[in-house]
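Notes for the one structure printed next.
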Amino acid sequence: MKQVISGDDADLEKEAYTGAGKVINSADWLNGKTIEDAKAIVIQKCEEDGSGYGKTQYRLRDWGISRQRYWGCPIPIIYCEDCGAVPVPEDQLPVTLPKDVSFDKPGNPLVHHPTWKYCACSKCGKDATRETDTFDTFFESSWYQFRYLDSKNESAPVAKDKADYWLPQGKGVDQYIGGVEHAVLHLLYARFFTRAMKECGYVNTDEPFSGLFTQGMVTHETYQDADGKWMFPSDYEALSADEKAKAKVGPSIKMSKSKKNVVDPADIMDTYGADAARLFILSDSPPERDLEWTESGIEGAWKFVNKIHRIITAYKPYLPANEVAKPTQFASDIIELRSKAHKAITGIGTSIEAFAMNKAVAQIRELSNAIASPEQAESYVKMEGGDWAIKEVLEIFIKLINPIMPHLAEELWQVLGHETLLANEPWPQADESLLKDDTVTIGVQVNGKMRAQITLSPDAKEEEAKEAALEQDNVQKFIEGKQIRKFIYVPGKIVNLVVG
């Protein structure tokens, strides 16, 4: 038997080589080609001489949709000794689960129910039994995005006009958020259901979802006592120093009831509040990565929530009691503060749209630092335009924290004197004039290597940039005794001196 695919790690004495490589010991028009290229060439030749044609073969397996459990939608089939398997008549749908089930025996409690599974055959009327298996829950959730549009419809899964209204031009749901395990199960099944519903004329949608985002898992360290039994984190913390020394602390893994590395949400709410929990979860890491739950992390978030409350309440005595007209002039410090707030509007908004919640939180912290000194409150309001601007900046700040810390934001909105719900307020609009930087810092290269940095206005001319670059000691060091053959200036980005 000849080897037809080359491979550096092939050991033909043990087994056939099935890895990647190039074709060998074959026809001259195939030798040296990659496997994929060789396939394409063979298919082309077969199609040219009429001996065959290329076809994609989907290696799809059957989907076993039945589950031997209570929770789920009952499969609407009746079994009759005379008629066999008979579908439940449409006017008897849906088949509902009994509520008086017992879970004291292993297995599916529907099998042991004394009355539910017994019924009359819908075809001959004789005694029969119901199917006790329930549908895989994906069987329902694969098309619930359509049913949600018309959930009261008793004659069709969804009315065509409603589907066309909510999903125009055949568009699917804008955003799907779920675990990565859904990518090869639920998403695949949803595509089948969408195709079937389109073929049946219920929807005009080709793909069920336009975007996919897979979030990470919440993880926690694991704990085992001296006997190897799993422990809750709270039980571990309650151990004495000697007992902790005998216990085993394992790596941080996905929270699991079986390993008891879970935290009680009710305890978190009671101790730190919902806003601190939300802040910690969103700030610790990008949402697509796993989040390690730690007490120090949630405590840090709780401290920041309290810090924000102190900042806003410290400013309240210095805010104008009545509405103040927007000034035409502002002090330079006030302009700088307003600029930071308006840049935060665009930055945080962009981060939230991109699911980069941790970046949004980082920008919230940055803006909080700009207003964090309560002692500055009195000095700010005394500056030109300060009283109006400070209230503007605080209102912007509270609106920006609202998606992440809604309870705190609503309370602080009232602190500023508002009687309306913040939840009904629009997202703040950034002033374009405040988004421009007064100066930019750009690098100075000599023959393509970074040697210094200079600060210029964004619209600085070439001569100004050249003068600033040549004033740098480190630049002079590398051009001394050499001729500047070319000066390259890209405004706002880079300066490069070509010398020789």
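So the sequence shown is numbered by numbering that gives the first Met the number 0: it starts at 0 and just counts up by one. Glycine included, C-beta positions come from ideal geometry on N, C-alpha and C. No experiment lies behind these values; they were computed from the predicted model shown.
Taking the C-beta atoms as reference points, Y222 is found no nearer than 9 Å to A240. For a cut-off of 8 Å, the C-beta gap from N446 to V497 is around 6 Å, short enough to register as a contact. In the three-state DSSP reduction, Y69 falls in the coil class, being neither helix nor strand. I280 and D226 have their C-alpha atoms some 33 Å from each other. Excluding sequence positions up to five before and after I76, its CB lies within less than 8 Å of the CB of A84, V85, P86, V87, R129 and E130, all in the same chain and listed in chain order.
Taking a 10 Å sphere around the C-beta of C79, we find 16 or more other C-beta atoms and assign the residue as buried. The beta carbon of V248 lies closer than 7 Å to those of E220 and Y222 in the same chain, with the five residues before and after it left out. If you draw a 10 Å sphere on the C-beta of S141, you find 16 or more other C-beta atoms in it, and that means buried. The DSSP-derived three-state label of A246 is coil. Under DSSP, the beta-bridge partners assigned to R129 are I77. The beta carbon of A275 sits closer than 7 Å to those of I297, A300, W301 and V304, all from its chain and outside the five residues before and after it, given in chain order. Between V414 and I493, the C-beta gap is not smaller than 9 Å, which leaves the two residues out of contact.
Between the region 432-445 and the region 392-402 there are fewer than three C-beta pairs closer than 8 Å, too few to call the two in contact.
The three-state secondary structure of G83, taken from DSSP, is strand. Contact holds between the region 317-332 and the region 381-390, because three or more Cβ pairs, one in each stretch, are under 8 Å apart. Assignment of R146 by DSSP, reduced to helix, strand and coil, places it in the helix class. Close CB contacts of F138 within its chain, under the 6 Å cut and outside five residues either way in sequence, are with I64 (chain order). Sixteen is the threshold: since fewer than 16 other Cβ atoms of the shown chains lie within 10 Å of the Cβ of A182, the residue is exposed. When beta bridges are read from the DSSP output, E291 appears opposite T218. Excluding its 5 nearest sequence neighbours in each direction, S338 has C-beta neighbours in its own chain below 8 Å: L433 and L434, listed in chain order. A direct Cα-Cα distance of roughly 23 Å separates N357 from V261.
By the Cβ-count criterion, F212 is exposed, with fewer than 16 other Cβ atoms from all chains shown falling within 10 Å of its own Cβ.
For the options T17, E462 and E470, the alpha carbon positioned closest to that of Q452 is the one of E470. With a cut-off of 8 Å on Cβ pairs, the region 145-159 is in contact with the region 197-209, counting three or more such pairs. Between D132 and R66, the CB-CB gap stays under 9 Å. Its chain contains E46 as the residues whose beta carbon lies nearer than 6 Å to that of Y52, once the 5 sequence neighbours on both sides are disregarded; these appear in chain order.
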